[in-house]
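Everything below concerns the one structure shown next.
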Amino acid sequence: MTRSNTPTNPTANTQGSIACRTLVTGSAGFIGFHTAKRLLERGDSVVGFDSVNDYYDVSIKEARLKILAETAERTGGNYTFIRANLADQQTVNECFEQHEISRVINLAAQAGVRYSLENPHSYVESNVVAFTNILEACRHHGVKHLTYASTSSVYGANTKMPFSEHEGANHPLQFYAATKRANEMMAHSYSHLFGLPTTGLRFFTVYGPWGRPDMALFKFTKNILEDKPIPVFNHGNHTRDFTFIDDIVEGIIRTSDQPAAPNPTWNSDYPDPATSSAPFRLYNIGNNNPIKLGAYIEAIEDALGKQAQKDLLPLQPGDVPDTYADSSALEHAVGYKPNTPVKEGVARFVEWYRWFYDV
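Count along the sequence shown from 1, then add 196; that gives the number in our numbering.
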């Protein structure tokens, strides 16, 4: 299923050049939706690609897609949506053949840490097979830059804080994280073998309006409003580097605008995991300000004007106690650092939630 709007004149993007055509995979998803919307608003041509699966409430995904179509109409943007599975190699190849894709922002993935304990095969299809199809299509169609989603979960058993891309990340604690770490290594091989510029972005606990229903902020808000207890794992004592969606999108787009290049000082005797002699980069995108889960819940309570009933539980299998991003490499590379305070970000989510569900 496709939908296209073609502008009468090309629109300049924020860099002042003629808008390029960007493929955004996972465009019906939380981060993909926000990214595609921002690109359309600044004048880029966008091809969205999503299977719109039923991992969570499809009605939210359809609502996001409706807004993307409306955004294209409002801005006069060039927008096409393809409803298909990235694991289908033929469909992916047809997408690249039919559209002159300049850049790819790959945000499609099987998400969820705990679901990977129940259904690992879904992660192989969505995060490994699909990513292979993307890499091959980029290779054969001259894509100028592939930017793709990784995760802070790749740090796994690491305890040295803050987490740095320049340290190893070879002990993931969940299968989900293992597939995303595999993406990083797969991307490097294509950068090395075929000169494909690739940049991986390790997201740290993304939250905000239009978020996924299986995420803590969404579930906590829903349960508090419905006078139901919320599950508070690790008794609320673990910390997370909560990062607001607008900050994530800004980092994604700035990074995508700047294709990865070889590091001229890279030394194979002392290899830097975040760079390479190939056009390859890894960056953290995190708020660089971890807070306890308990404080996050307090921000939700303040925004709702209502106290939570807390069901205190031990840490879940596969969870890590703390995350904390060193985002200095991203700031140095693209001149941007996430900075939205949690209280502000949570309040904006609650405002959206009340509007979307009319509560």
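We put the beta carbon where it would ideally sit given N, CA and C, even for glycine.
- Burial of Pro486 is indicated by the presence of at least 16 other C-beta atoms within 10 angstroms of its C-beta.
- Here Glu314 is exposed: its Cβ has fewer than 16 other Cβ atoms, across all protein chains shown, within 10 Å.
- For Leu236, no beta strand (DSSP E) encloses it; the enclosing alpha helix (DSSP H) starts and ends at 226–238.
- For Arg279, no alpha helix (DSSP H) segment is defined; the enclosing uninterrupted segment is the beta strand (DSSP E) at 275–279.
- Per the coordinates, the alpha-carbon of Val516 lies some 7 Å from the alpha-carbon of Ala353.
- The residue from Pro537, Trp462, Ser523 with its alpha-carbon nearest to that of Gly531 is Ser523.
- Phe399: not part of any alpha helix (DSSP H); member of the beta strand (DSSP E) spanning 394–399, first to last residue.
- Scanning its chain for C-beta atoms nearer than 8 Å, with the 5 sequence neighbours on each side dropped, one finds around Phe371 the residues Ser312, Leu313, Pro316, Tyr319, in chain order.
- Contact annotation, Asp453 with Pro534: C-beta distance approximately 17 Å; criterion of less than 8 Å not satisfied.
- By the CB criterion at 8 Å, Thr401 and Leu303 fall outside the cutoff.
- Residue pairing for Ala307: DSSP places it in no beta bridge.
- Here Leu342 is bridged, per DSSP, to Val300, Thr394.
- For Leu478, the enclosing beta strand (DSSP E) starts and ends at 476–481.
- Secondary structure note for Gly531: it is in no beta strand (DSSP E), with a DSSP letter that is neither H nor E.
- The Cβ neighbour count for His341, taken over all protein chains shown within 10 Å, is at least 16; the residue is labelled buried.
- In terms of Cβ geometry, Ile297 and Val242 do not form a close pair [threshold 8 Å].
- Check the Cα spacing between Thr271 and each of Leu235, Gln286, Asp507: the tightest is with Leu235.
- Within the same chain, Cβ atoms closer than 8 Å to the Cβ of Ala283 are found at Glu321, Ser322, Val325, Ala326, Asn329, the five residues on either side in sequence being excluded.
- With respect to Ser472, Arg398 sits apart: the two C-beta atoms are not nearer than 8 Å.
- Secondary structure of Phe438 (DSSP, three-state): coil.
- A distance below 6 Å between beta-carbons, with the five flanking residues on each side excluded, links Ala470 to the following residues of its chain, in chain order: Glu361, His362, Leu478.
- In this structure, Leu413 and Ile496 form a Cβ contact; the two beta carbons are roughly 7 Å apart against a cut-off of 8 Å.
- Listed in chain order, the non-local C-beta contacts of Leu369 below 7 Å within the same chain comprise Gly352, Ala353, Gly514, Val516, local neighbours out to five positions each way being set aside.
- According to DSSP, residue pairing for Ile487 in a beta bridge involves Arg436.
- The C-beta of His384 has 16 or more other C-beta atoms within 10 Å across all chains shown, which makes the residue buried.
- Straight-line spacing of the CA atoms in Asp250 and Asn281 works out to 13 Å.
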